[in-house]
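Residues in the sequence shown are numbered consecutively from 49, following my numbering.
Just so it is clear, CB atoms sit at the ideal spot from N, CA and C, and this is done for glycine as well.
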Amino acid sequence: MKILMVGHYPPHTGGIANHLDNLVRELRKKHEVHVLTYGPITPREFEKEFVHQVKPPNLFGIRGISFTLLASKKIEELHRKHEFDLIHAHFIGTTSYAGILAKEKVKIPVIVTAHGSDLDFMSKLPLGKYYV
49 MKILMVGHYP
59 PHTGGIANHL
69 DNLVRELRKK
79 HEVHVLTYGP
89 ITPREFEKEF
99 VHQVKPPNLF
109 GIRGISFTLL
119 ASKKIEELHR
129 KHEFDLIHAH
139 FIGTTSYAGI
149 LAKEKVKIPV
159 IVTAHGSDLD
169 FMSKLPLGKY
179 YV
């Protein structure tokens, strides 16, 4: 199976990045797994061909929506090249929005994993409560 993971990934730190790192290592034993994350980052040497990034402008207020739009286009581009079987987005918000936007074009399933803090954060936003 060919899987595209979307989310925070090392060298980013935190629970989601650690979880995604462990999940990708295990899944790669039997599947082809690619990762799309926020840039700029320098992927570890052994995974350079499987870690992809988008570099949204680092401006407060537009970084998230910029990532969503740029990542959805990048997902389409990567899918044309690798023909993924599914997209697995980690975090309710920017990464899942990117996957859902791209789904309309690439026509493959999108799985979204909530990690806890995203549920709390999204539920407090004016429109976020409808998404959660």
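Per-residue burial, residue i [other beta carbons within 10 Å of its own, 16 or more giving buried]
| i | result |
| --- | --- |
| F94 | exposed |
| G141 | buried |
| T90 | exposed |
| L68 | buried |
| H82 | buried |
| H127 | buried |
| G109 | exposed |
Close-in-space but distant-in-sequence residues of the same chain around residue i (CB under 6 Å, 5 per side omitted)
| i | result |
| --- | --- |
| I159 | H136 |
| A65 | H56, Y57, P58 |
| T161 | H138 |
| R111 | P104 |
N-terminal and C-terminal residue of the beta strand (DSSP E) that residue i is part of
| i | result |
| --- | --- |
| T161 | 158-161 |
| E152 | Here E152 belongs to no beta strand (DSSP E); instead the alpha helix (DSSP H) covers 142-154. |
| E80 | 80-86 |
| H67 | It is not in any beta strand (DSSP E) - H67 instead sits in the alpha helix (DSSP H) that spans 63-75. |
| H214 | Absent from the structure is residue 214, since the part of the chain shown begins at 49 and ends at 180. |
Cβ-based neighbour list, residue i, same chain, cut-off 7 Å, excluding 5 preceding and 5 following
| i | result |
| --- | --- |
| G87 | Q101, V102, K103 |
| E124 | A150, K153, V154 |
| L118 | V102, P104 |
From the options, residue whose alpha carbon lies closest to that of residue i
| i | options | result |
| --- | --- | --- |
| G55 | F115, D133, R73 | F115 |
| R92 | H60, H79, K78, P157 | H60 |
| R76 | S144, K121, I51 | I51 |
| I113 | Y145, R73, I64 | Y145 |
| G62 | K96, H138, H127, L118 | H138 |
| L134 | G147, S120, T143, P157 | P157 |
| G147 | H130, E131, L107, S120 | S120 |
| L84 | L107, E74, M53 | M53 |
Residue i - containing alpha helix (DSSP H), residue span
| i | result |
| --- | --- |
| I123 | 111-130 |
Paired residues, beta bridge with residue i - DSSP
| i | result |
| --- | --- |
| K50 | E80 |
| L134 | I51 |
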